[in-house]
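Novice: Questions regarding the structure given below will be posed in turn.
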Amino acid sequence: MGAEIPFRESFYLGLPSDFYKAAQPSPPPAPHWVVFNERLARELGLPQDADTPELLNLLSGGAPPNGSSNVALAYSGHQFGVWNPLMGDGRAVIVGEVAAPDGHVYDIHLKGSGPTPFARRGDGRATLSAMLREYLVSEAMAGLKIPTTRSLAVAATGAPVFRDGARPGAVLTRVARSHIRVGTFQYAAGRDATEELGPVRVQALADAAIRRHEPDLAQAEQPYLEFYRAVVARQAGLIAQWMLVGFIHGVMNSDNMAISGETIDFGPCAFMDSFNMRQVYSSIDAAGRYAYKNQPSIAQWNLARLAESLLPLFHNDEATALRLAQEALATFPSLYAQNLAAGLTRKLGLRPGDPDNEQVIALLWKTLGETRADFTNFFVRLTEMAEGLDVAPDETWAPFMEPWRAALGKNDKTEALAAMRVSNPRIIPRNHRVEQALAAANEGNLKPFHRLCAALQNPFERAPGNADLQAPPKPEEVVHETFCGT
Ligand code: AMP
Ligand code: MG
Numbered sequence: 136m137g138a139e140i141p142f143r144e145s146f147y148l149g150l151p152s153d154f155y156k157a158a159q160p161s162p163p164p165a166p167h168w169v170v171f172n173e174r175l176a177r178e179l180g181l182p183q184d185a186d187t188p189e190l191l192n193l194l195s196g197g198a199p200p201n202g203s204s205n206v207a208l209a210y211s212g213h214q215f216g217v218w219n220p221l222m223g224d225g226r227a228v229i230v231g232e233v234a235a236p237d238g239h240v241y242d243i244h245l246k247g248s249g250p251t252p253f254a255r256r257g258d259g260r261a262t263l264s265a266m267l268r269e270y271l272v273s274e275a276m277a278g279l280k281i282p283t284t285r286s287l288a289v290a291a292t293g294a295p296v297f298r299d300g301a302r303p304g305a306v307l308t309r310v311a312r313s314h315i316r317v318g319t320f321q322y323a324a325g326r327d328a329t330e331e332l333g334p335v336r337v338q339a340l341a342d343a344a345i346r347r348h349e350p351d352l353a354q355a356e357q358p359y360l361e362f363y364r365a366v367v368a369r370q371a372g373l374i375a376q377w378m379l380v381g382f383i384h385g386v387m388n389s390d391n392m393a394i395s396g397e398t399i400d401f402g403p404c405a406f407m408d409s410f411n412m413r414q415v416y417s418s419i420d421a422a423g424r425y426a427y428k429n430q431p432s433i434a435q436w437n438l439a440r441l442a443e444s445l446l447p448l449f450h451n452d453e454a455t456a457l458r459l460a461q462e463a464l465a466t467f468p469s470l471y472a473q474n475l476a477a478g479l480t481r482k483l484g485l486r487p488g489d490p491d492n493e494q495v496i497a498l499l500w501k502t503l504g505e506t507r508a509d510f511t512n513f514f515v516r517l518t519e520m521a522e523g524l525d526v527a528p529d530e531t532w533a534p535f536m537e538p539w540r541a542a543l544g545k546n547d548k549t550e551a552l553a554a555m556r557v558s559n560p561r562i563i564p565r566n567h568r569v570e571q572a573l574a575a576a577n578e579g580n581l582k583p584f585h586r587l588c589a590a591l592q593n594p595f596e597r598a599p600g601n602a603d604l605q606a607p608p609k610p611e612e613v614v615h616e617t618f619c620g621t
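When we follow the numbering used here, the leftmost residue of the sequence shown carries the number 136, and every step to the right adds one.
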């Protein structure tokens, strides 16, 4: 019974009891594997033959292993800027954690395994296509070397879920460095405010987060402030990485931002094809709050909400605490800008630290904005030109080409190529390919899904057999809208 999996008791059980509720998954009638991530299983140190019937039973929401402590976590959050004091894992449970060979501890979390006490209106279930979408995109992020929660498996339940019609249901196994969100801190602060005992829950949560993510800080003079600074720095790095590959998260609510700095919650997320600063795909983001260009400022807004929650831990004196928080938060724009500039410098093969780079980068944005070039293939083409292949720029790129070539020429050729080849992916999960793979999977044909997953594991490799996956959509194939899939 997953006995061979060395599950440890979830560390959330060490938190005050109002952070979680015991939640049993609901056993599915006829579970079967749809996909099992052997590579990730190995990375986690799970046994080679992990995809056993016992594990299928566990990861589809069947009987939990002896001694397992299934919990659903409580959290609050700002959804599209609107405060929601009580959310939580409505359709998800953490079944335990594993200590992996890389030295980190990972939560093992089932999504779509039935309603928990936090499911208010929802059925606690998930569709196969939404779970496969999360699997595909989270593993694509991992392939792109972007911090992300991972997907260990998708198991079909054999029971339908109803989302404008009956759809196949499934359970996803999510693997994460932790499930502490900005919204978890907001929840802690909100609960503390109802009593007069001081920031007891915020402190318990911060101590747990430090133990998990920043153990070295436990001895620091100001561990909470240092912890906050570390979260700010991780987010600045993460959002820059999203921007560098054209990733649009789509639902950057404060409950969907992880303290670990991992990308979390793959609902309506999408990669843009044709460049557009204002690009939005999510069907529920009519105002464009989470548009591509807004992602850095939204991240900073969420980090301000985190600072508000942590404030009493920064200093006893409120004004001092506020000043410390503001100073730490104020580092975000420059940290983000540094990460972005460093990433663009690599993508363009420029010499690090050259004062002319800024001007080339400004021209890059201008050219992309004016031409609406395919964001991914623009950089692939530059890489191929730098390699000396017989490819030509589009005529419309002309204003950019001369300054770029001049700047490229100033860099060492080997170094320029090395940087470009590992920064400019050839394969991203293009929306139309994702939709095609999911549509086929819904009809029982998993071939396109597996093919796309395999290609996304090595997105920087030249793979002539995958030319169709690299091509932008034809006009009739363009996906304009993505859906949350809740
Ligand atoms: P999300 O949009 O995935 O960030 O989810 C927002 C909130 O809705 C979370 O508290 C989820 O647990 C909850 N939720 C989403 N889908 C369901 C569902 N099918 N059943 C119960 N709760 C759900
Ligand atoms: Mg969420």
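Cβ coordinates follow ideal geometry from the N, Cα and C atoms, glycine included.
1. To which residues of the same chain is Phe410 closer than 8 angstroms at the C-beta, ignoring the five residues directly before and after it?
2. Using the C-alpha atoms, what's the distance from Ala434 back to Thr617?
3. Got a sec: does the ligand MG put a non-hydrogen atom nearer than 8 angstroms to the Cβ of Ala420?
4. Comparing alpha-carbon positions, which option in Pro295, Phe362 and Met407 lies nearest Asn566?
5. Short of 7 angstroms in beta carbon distance, which residues of its chain neighbour Arg298, apart from the five on each side in sequence? Order them along the chain.
6. Note down, in chain order, each residue of its chain lying with its Cβ closer than 7 angstroms to the Cβ of Pro583, except the 5 sequence neighbours on either side.
7. Of all Cβ atoms in chain D, is any one closer than 9 angstroms to the Cβ of Gln159?
8. Mind checking Asp603: buried by the 16 CB within 10 Å criterion, or exposed?
9. Suppose contacts are defined by Cβ-Cβ distances below 9 angstroms. Is Ala198 in contact with Asp224 by that definition?
10. Under 8 angstroms: does the beta carbon of Asn219 sit that close to some heavy atom of the ligand MG?
11. Have a look at Pro447, Val272 and Ile383 and flag the residue whose alpha-carbon is nearest the alpha-carbon of Tyr416.
12. Does DSSP put His244 in a helix, in a strand, or in coil?
13. Please state whether DSSP places His219 in a helix, a strand or coil.
14. Let's see if you can read the secondary structure: which residues bound the beta strand (DSSP E) around Ile229?
15. How is Tyr416 classed by DSSP in three states: helix, strand or coil?
16. Could you check what DSSP says for His585 in three-state terms: helix, strand or coil?
17. Going along the chain, which unbroken runs of the alpha helix (DSSP H) with 4 or more residues stay wholly within the stretch 562 to 611?
18. Under the three-state reduction of DSSP, which class applies to Ala508: helix, strand or coil?
19. Whose C-alpha, out of Pro534, Glu519, Leu524 and Pro303, is nearest the C-alpha of Trp500?
20. Using C-beta distances below 8 angstroms, list every residue in its chain close to Thr283, excluding the 5 sequence neighbours before and after it, in chain order.
21. At a cut-off of 8 angstroms, would you count Asp390 as near the ligand MG, judging by its Cβ distance to the nearest heavy atom?
22. Within the chosen definition, does the stretch 160 to 176 reach the stretch 242 to 251 through at least 3 CB pairs nearer than 8 angstroms?
23. Let's test the definition: count the other Cβ atoms within 10 Å of the Cβ of Val169 and tell me whether it reaches 16, buried, or not, exposed.
24. Closer than 8 angstroms to a non-hydrogen atom of the ligand AMP - does that hold for the CB of Arg561?
25. When the distance is taken between beta carbons, is Tyr241 closer than 9 angstroms to Leu179?
26. If we ignore side chains and look at the alpha-carbon of each, how far apart do Leu181 and Leu498 end up?
27. Return yes when the C-beta of Val317 is under 8 angstroms from any heavy atom of the ligand MG, and no when it is not.
28. Between the stretch 363 to 371 and the stretch 426 to 441, do three or more beta carbon pairs fall short of 8 angstroms?
29. Might you give, ordered along the chain, the residues of its own chain that have their beta carbon closer than 6 angstroms to the beta carbon of Pro487, omitting 5 neighbours on each side?
30. Shorter than 8 angstroms, the distance from the beta carbon of Asp242 to the closest heavy atom of the ligand MG, or not?
31. Bridge partners for Phe297 per DSSP, in chain order?
Specialist: Judging by the given coordinates:
1. Sequence-distant Cβ neighbours of Phe410 in its own chain, meaning closer than 8 angstroms and more than five residues away, are Gly381, Leu503, Gly504, Thr506, Arg507, Ala508, Asp509, Phe510 and Phe513.
2. C-alpha separation (whole angstroms): 21 angstroms.
3. Per the sequence shown, residue 420 should be read as Asp rather than Ala. No, the Cβ of Asp420 stays beyond 8 angstroms of every heavy atom of the ligand MG.
4. Looking at the Cα atoms, Met407 is the closest of the given residues.
5. Only residues of its own chain outside the window of five on either side were considered, and among them Thr262 have a CB closer than 7 angstroms to the CB of Arg298, listed in chain order.
6. Beyond the five residues adjoining it in sequence on each side, Pro583 comes within less than 7 angstroms, by CB distance, of Gln571, Ala572 and Ala575 in the same chain, given in chain order.
7. In the structure shown, chain D does not exist; there is a single protein chain.
8. Here Asp603 is exposed, its C-beta having fewer than 16 other C-beta atoms within 10 Å.
9. Not in contact: Ala198 and Asp224 (Cβ atoms no closer than 9 angstroms).
10. Outside the cutoff, so no.
11. Answer by Cα proximity: Ile383.
12. Secondary structure at His244: strand, using DSSP grouped into helix, strand and coil.
13. It is Asn, not His, that sits at residue 219 in the sequence shown. Here DSSP, grouped into helix, strand and coil, assigns Asn219 to strand.
14. That run of the beta strand (DSSP E) goes Ala227 to Ala234.
15. In the displayed model, Tyr416 falls within coil according to three-state DSSP, outside both helix and strand.
16. Taken through DSSP and simplified to helix, strand or coil, His585 comes out as helix.
17. Listed in chain order, the complete alpha helix (DSSP H) runs (minimum 4 residues) inside the stretch 562 to 611 are 566 to 577, 582 to 592 and 602 to 605.
18. Coil at Ala508, not helix or strand.
19. Of the listed residues, the one whose Cα sits closest to Trp500 is Pro534.
20. So the qualifying residues of the chain are Ser273, Met276, Ala277, Glu397, Thr398 and Ile399.
21. In this structure, Asp390 has its beta carbon less than 8 angstroms from a heavy atom of the ligand MG.
22. The stretch 160 to 176 is in contact with the stretch 242 to 251.
23. Classification for Val169: buried.
24. Arg561 Cβ: outside cutoff for every heavy atom of the ligand AMP.
25. Going by C-beta atoms, Leu179 is nearer than 9 angstroms to Tyr241.
26. The alpha-carbon atoms of Leu181 and Leu498 are separated by roughly 48 angstroms.
27. Not so, every heavy atom of the ligand MG lies at least 8 angstroms from the Cβ.
28. Yes: the two stretches touch, three or more of their Cβ pairs being nearer than 8 angstroms.
29. Hits under 6 angstroms: Thr480.
30. For the ligand MG, not one heavy atom lies less than 8 angstroms from the Cβ of Asp242.
31. According to DSSP, Phe297 bridges with Ala301.
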